[in-house]
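FYI, the numbering for the sequence shown is 326 to 466, going by our numbering.
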Amino acid sequence: MTTIAYRWGVLASDSRMMNGGWIHRYGGDKLFRLPNGEIVGVTGTYAEAVAFVSWLQGGEAGDKPTLSEATVVRLRKDGTLTIYEAGASFNVTTEFGAWGSGSPAANAAMYMGADAAKAVEIAALLDDCTGGEVKTMKCEV
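Structure, rendered in structure tokens:
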């Protein structure tokens, strides 16, 4: 799993990569930029999530990939978040939010005033599936 956090126009993620409970020596990108400047963050099954991101980056052409064990969080330029999961999508407007295995800790941190990056750092202290370098992205206007 992973932790994705949103606050103040920024998405943050950890970079830990895992397989079957084992931590890989390398980290991975979980934040991606779309051609229009919007950004997406991914949690869950990485290959499934990245296939969905590729579909978004390609202008949503062709068949929409299935998300059964992944969540994709899209930050739009107007600040709206679109959450894609389990074959559905919905829009959210919120001050902050977190997704993935470390989301309870990240949300608690943001309730206490943390920004998105700090929230992911705090989640990594409590969630074994969150770790590595914290990365951030902001929408390009």
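By construction, the Cβ of each residue, glycine as well, lies at the ideal position given by its N, Cα and C atoms.
Computed from a prediction, not measured in an experiment: that's the story for all the values here.
T396 has T368 and E410 as its beta-bridge partners, per DSSP.
A Cβ-Cβ separation of about 4 angstroms places G457 in contact with R341 under the 8 angstroms criterion. Cβ contact annotation for A430 (same chain, cutoff 7 angstroms, sequence separation greater than five): I447, A448, L451 and D452, in chain order. Excluding sequence positions up to five before and after C464, its CB lies within less than 8 angstroms of the CB of G334, G362, E363, I364, L400, R401 and K402, all in the same chain and listed in chain order. Between the alpha carbons of P390 and T455 lies a gap of roughly 25 angstroms.
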